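Residue numbers (full-length UniProt numbering), protein chains in the order written: chain Z, 1 to 517; chain W, 1 to 517.
Structure first, then comments.
Okay, here's the thing in structure tokens:
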């Protein structure tokens with residue numbers, strides 16, 4: 001289970017504190033699993049007829065209804081040049097044009113990390129896991145629910161760095177609301193760059209912040225590296241239904257022009273921003289994804305783009321969004337099929353829950369979403385851990401509980417070995433009827449790697465569990481969060497690079513007044 | 001969501017108590033969903049080569065290693081007559097013989113219920129859901145963990161009767177430890193027969209108790225009905241590895257001879273009762289299932305049998321069983337494929353968890369198992385709700401939380417509709433870019449059935465949730481359990497039948513001294 005668990009084991013044996021621990025072991029590089037490469041099939045939920053109906057309807061939507069590119073004359077001109085019928089801000093895309101344009105987007109690309117062992121490949125049979133994105137609140141066992149701060153943000157980046165099954169440091173792991181809204185992207189980027197060495201996401205809340213993200217990345221990686229590689233994958237939401245706003249598109253334009261990757265996906269609460277039916281929502285998502293990815297290729301052909309959907313359904317009584325529901329799963333399965341047919345990388349979301357606490361509801365809903373993500377062929381799973389309360393809150397305890405479950409996805413994706421060792425015929429012969437396998441040679445040779453092992457869940461006997469305080473998994477996770485933060489060690493960053501990053505931030509911050517809205 | 005929710009709604013509106021409620025509404029028949037018929041594909045985890053290797057190895061196990069039928073001379077004679085090589089109590093089954101024998105077992109059968117609207121079909125593309133089986137303890141929010149009693153047992157039967165998504169009343173929903181061990185099967189059967197009208201399971205702990213189960217069923221249904229129909233599906237565990245004990249086989253013989261169904265499946269903690277590898281465990285499970293189902297056909301060709309496996313893995317450090325793990329899922333997926341290739345109905349387990357509480361761990365592990373059960377092609381899912389602490393405890397709160405999640409399986413299995421209404425092109429045209437769908441005609445026409453709706457989970461705004469006491473799903477479930485028990489109404493049972501059942505029980509109980517071990 002890597003250094004995290006080993007460090008924990010040493011700590012318990014010695015009973016020493018965090019400082020003694022750090023001193024005793026020197027620099028520790030926390031183990032990160034390689035991104036997942038599936039050796040199992042995807043679940044093909046929709047049949048060929050259904051897929052063809054939805055594809056034909058999406059083309060009808062693009063041609064007849066069209067999509068809006070608002071406050072963005074340059075985008076309208078690009079569409080006009082490409083052969084679309086532009087009326088006001090509405091772009092009617094002739095049948096087949098978007099489908100033709102997306103062909104220049106790569107089916108797979110590599111996003112590099114400053115620790116190159118942590119590069120990720122996105123597309124084909126891969127699955128890359130990234131943490132929660134966007135919550136304004138943080139909710140933990142000790143402090144309850146409150147607005148997120150930069151200190152919280154840094155805590156989540158550290159937890160992400162130390163989570164073995166998490167491949168990506170993510171982006172806005174929580175909103176650091178104590179930093180001015182026009183400056184916080186600088187602190188967030190610096191936290192990802194300095195407190196972790198995993199790949200990260202850039203800012204999208206203003207085109208100028210996308211520029212800052214690219215500039216800081218050039219300081220971190222070197223300008224030539226950024227010019228020749230994808231070093232950021234950033235989140236471009238579509239304003240559903242069928243609307244692409246100027247700010248998000250402005251960020252997309254910066255990233256695409258710089259060869260940086262964008263996730264282009266609608267954020268849909270079904271029944272509100274899309275039709276109340278699965279097939280109707282799939283039609284709209286496909287139309288929106290096609291238009292968005294096609295536009296990225298109009299900006300720069302060959303720039304990497306990920307298609308997908310972030311979909312929840314709605315409780316039609318209260319209007320509240322719901323999570324981990326069957327309709328959301330069906331949409332994700334279908335969108336995976338439609339995206340694969342376009343040869344594009346596919347994105348979904350992981351640790352979805354509407355619960356206010358990391359309780360049973362959170363467990364059910366998150367596991368439903370994680371299983372669906374694995375089996376629907378997702379290539380980039382955002383919100384893979386840490387999401388709570390419909391995305392309004394990030395939870396450190398749920399972060400480590402979810403991140404532990406991500407290990408299950410790794411093992412499931414490996415498929416079933418049937419080599420001679422795995423067949424275990426010698427063990428069956430050795431043990432025979434009525435015996436037991438604990439002591440046999442095959443078990444002794446294989447037990448250490450045979451089964452996936454949790455790093456946080458409890459399987460102790462009831463009596464031991466009560467002796468230790470009858471802790472729920474929420475409480476066990478809180479203890480694990482503290483252990484991880486105690487054990488955290490910052491990965492080495494070249495001091496000159498660090499200095500240059502700080503100087504860039506200081507100059508930028510000095511150039512503008514604080515804004516809080 | 002049926003009568004359960006409607007009754008709840010009326011209660012809240014009036015603010016009356018349980019008695020007033022019951023008086024005001026007269027007899028209520030609680031709605032039960034029809035068993036699931038899958039319209040989606042199964043996930044085929046193993047490829048053809050892997051399946052063929054495992055099938056060949058299972059034949060080798062049966063022929064070379066053999067299986068034990070202990071303390072059962074009649075079984076050894078049946079095997080000898082069928083052409084097996086019997087040495088002492090060990091039966092060596094020639095390659096292909098078991099596979100040939102199982103062909104007389106039906107690929108699908110109907111288990112009837114006394115309310116014929118609740119008959120279930122088991123096999124092919126169906127999925128029948130049955131509750132937790134076997135826990136000696138009950139653990140609830142109010143009372144903590146304690147040994148189960150007959151009062152607890154009756155409570156679970158009532159909850160099962162009222163759970164819309166549960167098709168089957170099950171068997172030993174908890175052990176009623178306050179009733180002598182040699183008499184409790186009578187009370188358990190009577191509870192299922194009188195407090196519910198769903199199909200149920202018979203006793204397997206002694207051949208004489210299987211006879212009692214059949215006799216009481218004849219009173220309930222009429223002797224001719226039992227002779228011509230399957231009215232019980234009972235759980236025959238194999239004593240892994242490769243051993244069939246005389247007591248369980250004695251019960252199987254009674255049921256098979258009476259044309260009643262048996263689930264014949266190993267209960268395996270991987271690494272202890274089977275090899276530590278997935279392929280090795282699958283080989284053993286297939287060999288055991290083949291031998292067991294073949295034996296049921298030697299007793300009476302054509303008697304219904306369900307094959308399957310109840311598999312968990314083991315924490316190789318502590319020796320504790322673990323649940324909801326990827327290896328258990330892989331084994332279940334593989335066993336589903338192997339069982340389908342034999343044309344037999346397939347059994348798995350649902351609400352698996354090792355957690356001591358209905359907390360996040362319980363939620364993750366249960367959802368992992370439920371998703372796997374749906375997608376691995378299970379026909380009969382035992383333990384679909386209510387299981388806690390590795391099966392040592394039954395939890396009423398988890399029962400209703402799990403039973404709620406079973407609704408998701410129903411919806412997922414329906415697949416995605418692509419009829420004209422579902423395509424929703426009119427809605428997309430009506431709303432257009434930038435609009436919203438809440439008020440459009442398509443939404444108004446479809447919102448009531450568009451999305452699966454929970455009956456227990458919480459999606460309220462944070463402020464409402466805190467005003468209502470910041471309840472976890474454990475607490476919400478406890479409140480729902482109480483509402484359901486308050487609303488419970490016994491289904492009608494013919495008084496003469498009831499009297500005859502009671503007389504049979506009284507006579508049986510008077511015929512033997514109490515035994516508690």
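Just so you know, even glycine gets a beta-carbon here, dropped at the ideal spot from N, CA and C.
All values derive from a computational prediction rather than experimental measurement.
How would you write the range of the alpha helix (DSSP H) that residue 190 of chain Z sits in, first residue to last? 184-195
Proximity winner among W:227, W:222, W:487, W:232, relative to residue 213 of chain W (alpha-carbon distances): W:232
Is DSSP giving residue 419 of chain W helix, strand or coil here? coil
Taking 9 Å as the CB-CB cut-off, is residue 24 of chain Z touching chain W? Low confidence applies to residue 24 of chain Z: its pLDDT is 43, below 50, so where it sits in the model is not reliable enough to give any reading.
Helix, strand or coil for residue 139 of chain W? Go by DSSP, reduced to three states. strand
Any idea what DSSP makes of residue 346 of chain Z, helix, strand or coil? strand
Give the interface partners of residue 260 of chain W over in chain Z, defined as CB-CB distance under 9 Å, in chain order. What residue 260 of chain W touches in chain Z: nothing, since even the nearest Cβ is about 27 Å away.
In this structure, what does DSSP give as the bridge partners for residue 108 of chain W? W:123
Exposed unless 16 or more other CB atoms sit within 10 angstroms - verdict on residue 30 of chain W: buried
Beta carbon proximity, residue 237 of chain W to chain Z, threshold 9 Å: no
Exposed or buried, what is residue 507 of chain W when buried is set at 16 or more other beta-carbons lying within 10 Å of its beta-carbon? exposed
For residue 209 of chain W, which of W:183, W:199, W:228, W:196 has the nearest alpha-carbon? W:183
Residue from Z:32, Z:48, Z:160, Z:40 whose Cα sits closest to the Cα of residue 418 of chain W: Z:48
Could you check the C-alpha separation between residue 185 of chain W and residue 203 of chain W for me, to the nearest Å? 6 Å
My parser needs the alpha helix (DSSP H) runs of 4 or more residues fully inside the segment 318-347 of chain W; what are they? 326-341
Go through its chain and collect everything with a Cβ distance to residue 258 of chain Z's Cβ below 6 Å, but skip five positions before and after it. 214
Interface residues of chain W facing residue 366 of chain Z [CB-CB closer than 9 Å]: 360, 363, 364, 367
Nonlocal neighbours in the same chain, by C-beta distance under 6 Å from residue 268 of chain Z, ignoring five residues either side: 240, 274, 311
Best match in W:191, W:400, W:343, W:149 for proximity to residue 358 of chain W [C-alpha to C-alpha]: W:400
Going straight from the alpha carbon of residue 67 of chain Z to that of residue 297 of chain Z, what length do you get? 16 Å
Smallest Cα separation from residue 513 of chain Z: which of Z:180, Z:80, Z:126? Z:180
State the DSSP-derived secondary structure class of residue 505 of chain Z, mapped to helix, strand or coil. helix
Within-9 Å CB hit, residue 422 of chain Z to chain W: yes
Under the three-state reduction of DSSP, which class applies to residue 409 of chain Z: helix, strand or coil? helix
Output yes if chain Z places a C-beta closer than 9 Å to the C-beta of residue 224 of chain W; else output no. no
When the Cα atoms are used, what is the spatial distance from residue 510 of chain W to residue 369 of chain Z? 55 Å
Proximal residues to residue 149 of chain Z (C-beta, below 7 Å), its chain only, five neighbours per side dropped: 176, 177, 178
Quick one: using the 10 Å Cβ neighbour count with 16 as the cut-off for buried, is residue 302 of chain W buried or exposed? exposed
Within the continuous beta strand (DSSP E) that includes residue 85 of chain Z, where are the two ends? 85-87
Can you check whether the C-beta of residue 27 of chain Z is within less than 9 Å of a C-beta belonging to chain W? Because residue 27 of chain Z carries a pLDDT of 48, less than 50, the predicted location of this residue cannot be relied on, and no value is offered for it.
Strictly below 8 Å CB to CB, what residues from chain Z border residue 451 of chain W? 270, 271, 276, 313, 314, 315, 316, 322, 325, 327
So residue 162 of chain Z packs on residue 488 of chain Z, CB below 8 Å; how close in whole Å? 6 Å
Exposure of residue 228 of chain W, with buried meaning 16 or more beta-carbon neighbours within 10 Å: exposed
Local conformation of residue 115 of chain W per DSSP, three classes: coil
Strictly below 7 Å CB to CB, what residues from chain Z border residue 465 of chain W? 356
Of all the CB atoms in chain W, is at least one closer than 9 Å to the CB of residue 145 of chain Z? yes
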